[in-house]
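Residue numbers (my numbering), protein chains in the order written: chain S, 7 to 117; chain U, 1134 to 1249.
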């Protein structure tokens, strides 16, 4: 079982829709969770990070962690064509900050 | 602020040839990472440096891959000899420090390697 798993998509939604992107993880010891966004032919860039359980909001983006079910979500409100990218969830594997990534979900926002 | 610089941007080689990638991290960043990203997959950590020492190279295929970080700044990743399955994007990233769970990684644009 992979440490972090994502549905690869692709996911295509119309502009303005609410998008839900999800990951599951296997190790209950994981505490920090990050979402990276990767545009085509670019390196990933950090979008948000959360600690433990609960929600964190930043503009149109909300990150949610449910530790009881080992489930991580990223919600995008009022989605824009510029949100079209691959979204990667990630977590530090150990105290050495070895960051491991999910396989990514490719998102396309249709104008 | 200048970002993480990588070169070359693209490289095409034949199997069994050698290739090298170069990375210049953000100034002042102590930690440098090399990731391999195969098409359709997430980045996989190959090696992590703290200054010029190796922190983690558990997933580096050491029979063919090598990496060094000169004077704790620039880094080079080499593959010799290359195999078809090495075709991927090689991403370099840097961060200020290690040991914090919310470490922010800054990535370069990567080197796309095609092995024919």
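Glycine included, C-beta positions come from ideal geometry on N, C-alpha and C. As the structure is a prediction and not an experimental result, all values here were calculated from the model.
Uninterrupted beta strand (DSSP E) stretches inside the segment 1153-1220 of chain U (no shorter than 3 residues)
1164-1170, 1177-1183, 1186-1189, 1198-1202 and 1208-1212
Is any beta-carbon of chain S found at less than 8 Å from that of residue 1195/U?
What you label residue 1195/U is simply residue 62 of the second chain in a count that begins at 1. So no, residue 1195/U is outside the interface.
In chain order, what residues of the same chain lie with their CB nearer than 6 Å to the CB of residue 24/S, ignoring the 5 residues before and after it?
Sequence index remark: in the first chain, residue 24/S carries index 18 (1-based). Cβ within range, chain order: 83.
Let's test the definition: count the other Cβ atoms within 10 Å of the Cβ of residue 1219/U and tell me whether it reaches 16, buried, or not, exposed.
Mapped onto the second chain, residue 1219/U falls at position 86. With 16 or more Cβ atoms within 10 Å of its Cβ, residue 1219/U is classed as buried.
Identified DSSP bridge partners for residue 177/S:
There is simply no residue 177/S to check, as chain S begins at 7 and stops at 117 in what is shown.
To be precise: take each residue of the segment 47-62 of chain S, compare its Cβ to all Cβ atoms of chain C, and keep it if any distance is under 8 Å. Which residues remain?
Annotation note: the requested chain C is absent from the structure, which comprises protein chains S and U.
Three-state secondary structure (DSSP) at residue 88/S?
For the purposes of this step, residue 88/S is identified with residue 82 of the first chain, where counting begins at 1. Residue 88/S: helix per DSSP, three-state reduction.
Beta-carbon contacts of residue 27/S that lie in its chain and below 6 Å, excluding the five residues immediately before and after:
Against the first chain, residue 27/S aligns to sequence position 21. Closer than 6 Å at Cβ, skipping near neighbours: 80, 93 and 111.
Within the same chain, show all residues whose beta-carbon is closer than 7 Å to that of residue 51/S, passing over the 5 residues directly before and after it, in chain order.
Here residue 51/S refers to the residue found at position 45 of the first chain. Closer than 7 Å at the Cβ level, and outside the excluded window around residue 51/S, lie 42 and 43.
Alpha carbon to alpha carbon, how far is residue 1193/U from residue 1221/U?
As a working note, residue 1193/U is residue 60 in the second chain. As a working note, residue 1221/U is residue 88 in the second chain. In a straight line, the C-alpha of residue 1193/U is about 14 Å away from that of residue 1221/U.
Which residue from 1241/U, 1147/U and 1247/U puts its Cα closest to that of residue 48/S?
Within the first chain, residue 48/S is the residue found at index 42, counting from 1. The residue with the shortest Cα to Cα distance from residue 48/S is 1241/U.
Give me the Cβ distance between residue 1180/U and residue 1196/U, rounded to the nearest whole Å; I'm assuming they're in contact under 8 Å.
Counting from one through the second chain, the residue named residue 1180/U turns up at place 47. Counting from one through the second chain, the residue named residue 1196/U turns up at place 63. Incorrect: roughly 14 Å between the Cβ atoms, too far for contact.
Classify residue 1187/U as buried or exposed, calling it buried when 16 or more other Cβ atoms lie within 10 Å of its own Cβ.
In the second chain, the residue the question calls residue 1187/U occupies position 54. That one is exposed.
Just to confirm, are residue 39/S and residue 71/S a CB contact at a threshold of 8 Å?
Locating residue 39/S in the first chain gives position 33, counting from the first residue. Locating residue 71/S in the first chain gives position 65, counting from the first residue. The answer is yes: Cβ separation under 8 Å.
Nearest CA to the CA of residue 1205/U: which residue from 1165/U, 1216/U, 1140/U and 1198/U?
If you number the second chain from 1, residue 1205/U lands on position 72. Nearest C-alpha to residue 1205/U: 1165/U.
Contact list for the segment 1170-1199 of chain U against chain S, Cβ threshold 8 Å:
1173, 1174, 1175, 1176, 1177, 1178, 1181, 1188 and 1189
Are the Cβ atoms of residue 59/S and residue 73/S separated by less than 8 Å?
Your numbering for residue 59/S matches position 53 in the first chain. Your numbering for residue 73/S matches position 67 in the first chain. Yes. Within cutoff.
Count the other CB atoms, across all protein chains shown, that sit within 10 Å of the CB of residue 1139/U; report buried if there are 16 or more and exposed otherwise.
Against the second chain, residue 1139/U aligns to sequence position 6. Flag for residue 1139/U reads buried.
Closer than 7 Å by C-beta to residue 91/S: which residues in its own chain qualify, once you throw out the five before and the five after it? Chain order, please.
Working through the first chain from its first residue, we reach residue 91/S at position 85. Here the set comprises 43, 44, 45 and 113.
Just to confirm my understanding: we take residue 98/S, look at its own chain, exclude 5 residues before and 5 after, and list those with CB closer than 7 Å. What are they?
Here residue 98/S refers to the residue found at position 92 of the first chain. Within the same chain, residue 98/S has close Cβ partners 38, 104 and 105.
Cα-Cα separation, residue 1150/U to residue 1172/U:
Here residue 1150/U is taken as the residue at index 17 of the second chain, counted from 1. Here residue 1172/U is taken as the residue at index 39 of the second chain, counted from 1. Using only the alpha carbons, I get a separation of about 21 Å.
Can you name the residues of chain S whose CB is closer than 9 Å to the CB of residue 1242/U?
As a working note, residue 1242/U is residue 109 in the second chain. Going along chain S in sequence order, the residues near residue 1242/U (Cβ under 9 Å) are 47, 48 and 49.
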